[in-house]
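Here's the structure we're looking at; comments come further down.
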Amino acid sequence: LDSVKAIEQARAPKVSLSRLDELRNRAKFIGRSCKEVKDRYGQAEDGLYYLTTSTGVVYQTFCDMTTAGGGWTLVASVHEDNIYAKCTVGDRWTSQQGNWANRKTFGTVEAATDDDFKNPGYYDIDAEDMSVWHVPNKTPFYHWNLAAIMRYHTERRFLHLYGGNLYYLFHRYPVEYNVGKHLSDNGPSIPIVYDLGDKESTKMFYGPYSGGEIEGGFISFRAINHERAATAICSGVKPKGGNVEHYCIGGGGFFPEGNPLQCGDFTGFAWNGYGTHIGFSTSKQMLESAVLLFYR
Ligand code: 3S6
Ligand code: CA
Ligand code: CA
Numbered sequence: 048l049d050s051v052k053a054i055e056q057a058r059a060p061k062v063s064l065s066r067l068d069e070l071r072n073r074a075k076f077i078g079r080s081c082k083e084v085k086d087r088y089g090q091a092e093d094g095l096y097y098l099t100t101s102t103g104v105v106y107q108t109f110c111d112m113t114t115a116g117g118g119w120t121l122v123a124s125v126h127e128d129n130i131y132a133k134c135t136v137g138d139r140w141t142s143q144q145g146n147w148a149n150r151k152t153f154g155t156v157e158a159a160t161d162d163d164f165k166n167p168g169y170y171d172i173d174a175e176d177m178s179v180w181h182v183p184n185k186t187p188f189y190h191w192n193l194a195a196i197m198r199y200h201t202e203r204r205f206l207h208l209y210g211g212n213l214y215y216l217f218h219r220y221p222v223e224y225n226v227g228k229h230l231s232d233n234g235p236s237i238p239i240v241y242d243l244g245d246k247e248s249t250k251m252f253y254g255p256y257s258g259g260e261i262e263g264g265f266i267s268f269r270a271i272n273h274e275r276a277a278t279a280i281c282s283g284v285k286p287k288g289g290n291v292e293h294y295c296i297g298g299g300g301f302f303p304e305g306n307p308l309q310c311g312d313f314t315g316f317a318w319n320g321y322g323t324h325i326g327f328s329t330s331k332q333m334l335e336s337a338v339l340l341f342y343r
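So, in structure tokens, the structure goes:
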């Protein structure tokens, strides 16, 4: 035990007094969203800030204060812990618990690329737009921006039409088995503006067969597959077919095709092998990156 302690002490940087002062200072700038913290207090640095819900639940999360004017609040991350485990405890975004449309929170901001994360901002913030970062697993938060393999945001204030956040959007478009037919009953697809990557690089992260039925440059919600299973988010793409389980994440916890092979947070991303980028399998980079969801 002593040697473990010695190793940890040798490796962990000490929290300096100036750092503590900075943190105490930061606690004064509490807001209901990162946008409020930026607008009201002029805070312009990326990092962890204190936020509060309308009812006084205080939490800490990461604010992107620089992308396209800044003020982006990290509210969730979708992380695949084990693509071979099918709808087990690590698949918090693909279960019949309905986490896309409830107030349950889980995970921590520091571990948002190590496991699933959902904070009270997910249901509390009244937002207009979304930003999404795909960040390699286990990246510490101060390197997320630089390490990301894809980053984009919306600019059309689309969340106004769907209740102001994903909690309300997914109440309108439940992520549940048998709610409708592929394509005709899908939720909205919203055009995106890239901060890192483009339409072509987006398609390249997904499998070559998926490429035949997706269009890059969008974020899509509640996409349904051929077997009437529902997924939550198609990141960077708009579905043009019904094999959405290979390029959309999260779901309703029941996927009839090959049951339970497609049941997991990254659904059927390894349908033709782990990170092979063959058939319907995504690239290894995509499979091993967490999807970080921001509001503004
Ligand atoms: C381009 C080849 C499609 O192959 C089909 O897709 C095959 O018949 C099915 O087993 C498979 C799955 O539906 C993939 O989701
Ligand atoms: Ca997960
Ligand atoms: Ca299929």
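In case it helps, the working numbering puts the sequence shown at residues 48 to 343. Backbone N, C-alpha and C define an ideal beta-carbon position, used for all residues, glycine too. Quick caveat, the model's predicted, so the values are computed rather than measured.
Any non-hydrogen atom of ligand 1 closer than 7 Å to residue i Cβ
i: residue 215; result: no
i: residue 327; result: yes
i: residue 106; result: no
i: residue 315; result: yes
i: residue 324; result: no
N-terminal and C-terminal residue of the alpha helix (DSSP H) that residue i is part of
i: residue 249; result: 246-252
i: residue 110; result: Where residue 110 is concerned, there is no enclosing alpha helix (DSSP H), although the beta strand (DSSP E) it sits in stretches over 105-111.
i: residue 219; result: 213-219
i: residue 193; result: 191-194
i: residue 198; result: Counting along the chain, residue 198 falls outside any alpha helix (DSSP H), though it belongs to the beta strand (DSSP E) covering 197-200.
i: residue 304; result: Segment: none, residue 304 is in no alpha helix (DSSP H) and carries neither H nor E.
i: residue 65; result: 64-74
i: residue 101; result: Neither: residue 101 is in no alpha helix (DSSP H) and is coded neither H nor E.
Residue range of the beta strand (DSSP E) that includes residue i
i: residue 297; result: 296-298
i: residue 285; result: 284-286
i: residue 262; result: 261-263
Ligand 3 heavy atom lying under 7 Å from the CB of residue i
i: residue 290; result: yes
i: residue 260; result: no
Buried versus exposed call for residue i [16 or more other C-beta atoms within 10 Å across all chains shown]
i: residue 220; result: buried
i: residue 313; result: buried
i: residue 129; result: exposed
i: residue 127; result: buried
i: residue 275; result: buried
i: residue 320; result: exposed
Top-ranked residue by Cα proximity to residue i, from the options
i: residue 224; options: 306, 161, 171; result: 306
i: residue 343; options: 212, 334, 222, 247; result: 212
Cβ-heavy atom distance, residue i to ligand 2, below 7 Å
i: residue 202; result: no
i: residue 138; result: yes
i: residue 273; result: no
Supposed close pair residue i, residue j - CB separation, criterion 8 Å
i: residue 239; j: residue 250; result: Not confirmed; about 13 Å, so no contact.
i: residue 23; j: residue 203; result: Any question about residue 23 goes unanswered here, given that the chain covers just 48 to 343.
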